[in-house]
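S.K.: One structure coming up, written as C-alpha cells, with questions to follow.
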Amino acid sequence: MSTSRVLVTLLEKGEIFICLVRKYPFGKKLIPEGDDEAYGRFEQACSIEQSYFAAAAETIGTELVIKPMKGLGLPDEIRVAQAEKDLDTVLAVDDKILASQKYLTGNELTLADLFHLPNGAALKADKWKEVFERYPNVDRWFKELQERDSWVKAATEAGTIP
C-alpha cells in the first residue's frame, strides 16, 4: 500500500487561517459551515477585506514605513493618497453593513472580522484613527475586536500594546 502526500502552497493569509480553523476546530466557530447563504456572506467579506481593506492598508504601510526603513526611496505620495481614499471608501461601505448587524457577515463573529485586526490596529495606532472614528459603526465594531482577550494577549506579547 502506498501513501502519498499532496503539498499545497497557500499564498493568501486568509486561506492559511481558514485551513487551520478547519483542521483544528476548537472554541468559537469562526467559519459558517453548513449554511450556504452565511458562507457566501463570509466569502464575500473575506474577499472585500483582502482586495480593498488590506490592499489599502498595506500600500500605506509599504510607502510610509517599509520604504523609508529599508532605504527604498521616498514614499509615493500619489499611491498613499489613493490608498487613503480607498480605505475611506471601504470603511464607508463597512459602516453601512455594520449599521444593521454586529459583524461583517451577520451577528456572529467570523474570521472575516478578525482578518481586519493586524492592519486595522496598525492604522489606528497612527494618524488613521480618525478615519475609523468617522464611521461610528466601524468604530464600535473595531473597538470590540481590539478588546477581545485573545487580541489583547497577542498584541501585548508582540509588543504592539504599550
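Each residue of the sequence shown is one higher than the one before, counting from 13 in my numbering. All C-beta atoms in this analysis are idealised placements derived from N, C-alpha and C, irrespective of residue type, glycine included.
On a CA-only basis, which of Lys40, Tyr147, Arg160 is nearest Val105? Give me that one, please.
M.R.: Ranked by Cα distance from Val105, the options Lys40, Tyr147, Arg160 are led by Tyr147.
S.K.: Residues in its own chain within less than 7 Å of Asp100 by CB, not counting five upstream and five downstream?
M.R.: Val143
S.K.: With DSSP as the reference, please indicate the residues paired to Tyr115 in a beta bridge.
M.R.: Gly118
S.K.: Is DSSP giving Ser14 helix, strand or coil here?
M.R.: Here the model assigns Ser14 a pLDDT of 45, short of 50, so the residue's position is not dependable and the matter cannot be decided.
S.K.: Give the secondary structure of Glu45 by DSSP, where H, G and I count as helix, E and B as strand, and everything else as coil.
M.R.: coil
S.K.: Buried or exposed for Pro44, going by 16 or more other Cβ atoms inside 10 Å?
M.R.: buried
S.K.: Mapping DSSP to helix, strand and coil, what is Thr101?
M.R.: helix
S.K.: Determine the extent of the alpha helix (DSSP H) in which Pro148 is found, giving its start and end residues.
M.R.: Its alpha helix (DSSP H) spans residues 148 to 158.
S.K.: Inspect the beta-carbon positions of Ala111 and Thr172 and report whether they are closer than 9 Å.
M.R.: no
S.K.: Between the alpha carbons of Phe154 and Gly73, how many angstroms are there, rounded?
M.R.: 19 Å
S.K.: If you measure between the beta carbons of Ala93 and Ala69, is that distance less than 9 Å?
M.R.: no
S.K.: Using the C-alpha atoms, what's the distance from Glu49 back to Ser162?
M.R.: Each residue's Cα considered, the two are about 28 Å apart.
S.K.: Can you name, in chain order, every residue of its own chain whose Cβ lies under 6 Å from the Cβ of Asn119, other than the five neighbours on each side?
M.R.: Gln113
S.K.: Taking Glu145 and Asp151 to be in contact with their CB atoms under 8 Å, please state how far apart those CB atoms are, rounded to whole angstroms.
M.R.: 5 Å
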